[in-house]
């Protein structure tokens, strides 16, 4: 299986967009760990552009990458051990070190907590229970890593079953033509709108079953897509109509959001929910098609950026929340908060990655291999890859 550079760029872009999304969470009237004093309703409009599909896309891309890792592994045990090392070690480090500052900021700015950070970490964070309505310890944004590890275990069991060639053949036939557009969309509408009504995720792995019905199939789809040139070819052909339908669904969501300041009528709410999941899948198909048609080329920066995105993901939300804590103390205007948050977050993430990759003992904690590879931009060649 040749490396698909377009999927690398898609993964890089998806994680980069997630960082901007979490900066936006500071300013939108939705719950978050650090909030500006005057959230703006209009920020909801750009946030609705990415919120329906960003996580499903990340799980699909992760499933795609898992196919290559599976093929390179020396059996199922080696695959699981590798994924556990690369996911669980950073997750535990994140829960113990990266996430607690977010919780302390949330307590001090939203729950009138007055003790210092060290007292919070030693006396409150490890209580394994509720404190001021929050559960500690917690994983906050790192829930994605925990879910992905569990999906990896389930994926391993499925991949070990006999009949893999037949299953791949059935995938190629099932999602040929326009079925790659409407079959997954119909599944999402059935499970997320008709049978259940999922507006958000609980991030509670035990009680988040409806989210699992969306995210785990995305991993499976990505895994199968990595071995399917026919389906990828159809995605490349259909990305334009998919983008048009995704944009139309987004416009419907925005129109309803603007028209109803309060809770919309039941029927209107279901229309908006359906539009969100249509937007979700159509946008994902469009982005995968763009990656196949336009982005399947190497670049001198790709290898380094591909390695950097996971450390960036680990630290970015903590940088945002802590930076916002200080901005709240200074009481600067909202536009200044945004102008400061963007470069501070980028610099903080870059320093975390650059320092972590140079310290051997830090590398596994931030999701990097122990054996350091040269990732100088000049060290990687250029070329074109295929799925």
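In full-length UniProt numbering, the protein residues as written are 1 to 387.
Each residue gets a CB set at the ideal place from its N, CA and C atoms; glycine is no exception.
Three-way DSSP call (helix, strand, coil) for residue 209 in this model: helix
Burial state of residue 311, where buried means 16 or more other Cβ atoms lie within 10 Å: Residue burial annotation: residue 311 is buried, with at least 16 other C-beta atoms found within 10 angstroms of its C-beta.
Cβ-Cβ distance between residue 272 and residue 265 below 8 Å: no
Collapsed DSSP secondary structure at residue 94 in the structure displayed: helix
Proximity of residue 239 and residue 185 at Cβ, strictly below 8 Å: No, these two residues do not count as a Cβ contact at 8 Å.
Proximity of residue 197 and residue 52 at Cβ, strictly below 8 Å: no
Residue 71 in three-state terms, based on DSSP: helix
Length of the line joining the Cα atoms of residue 188 and residue 119: 45 Å
Residues sharing a beta bridge with residue 331, DSSP: BP columns for residue 331 are empty, so no partner.
Residue nearest to residue 35 in terms of C-alpha spacing, selected from 357, 360, 334: 334
Inter-stretch contact (C-beta, 8 Å, three-pair minimum) for the stretch 219 to 234 and the stretch 67 to 76: yes
Exposed unless 16 or more other CB atoms sit within 10 angstroms - verdict on residue 102: buried
Straight-line gap, residue 93 to residue 267 (C-alpha atoms, nearest Å): 45 Å
Buried or exposed (CB count within 10 angstroms, at least 16 for buried), residue 232: buried
Selection from 113, 339, 208, 139 that minimises the alpha carbon distance to residue 96: 139
Of the listed residues 293, 251, 114, nearest to residue 236 (C-alpha basis): Checked all of 293, 251, 114; the closest Cα to residue 236 is 293.
Option nearest residue 40 by Cα separation, candidates 146, 261, 126: 261
Residue burial classification, residue 6 (beta-carbon count within 10 angstroms, cutoff 16): Under the 10 Å beta carbon count, residue 6 is surrounded by 16 or more other beta carbons and is classified as buried.
Residue 2 burial status per 10 Å Cβ neighbour count (16 or more: buried): exposed
Counted within 10 angstroms of its Cβ, other Cβ atoms place residue 199 as buried (16 or more) or exposed: With fewer than 16 Cβ atoms within 10 Å of its Cβ, residue 199 is classed as exposed.
Beta carbon of residue 283 nearer than 8 Å to that of residue 319: no
Straight-line gap, residue 220 to residue 58 (C-alpha atoms, nearest Å): Separation of residue 220 and residue 58 (C-alpha to C-alpha, rounded to the nearest whole angstrom) is 12 Å.
Identity of the residues DSSP links to residue 130 by a beta bridge: 135
Check whether residue 86 and residue 269 have beta carbons under 8 Å apart: no
Assumed close pair residue 55, residue 144 - CB separation to whole angstroms, cut-off 8 Å: Indeed they touch by this definition, with Cβ atoms about 7 Å apart.
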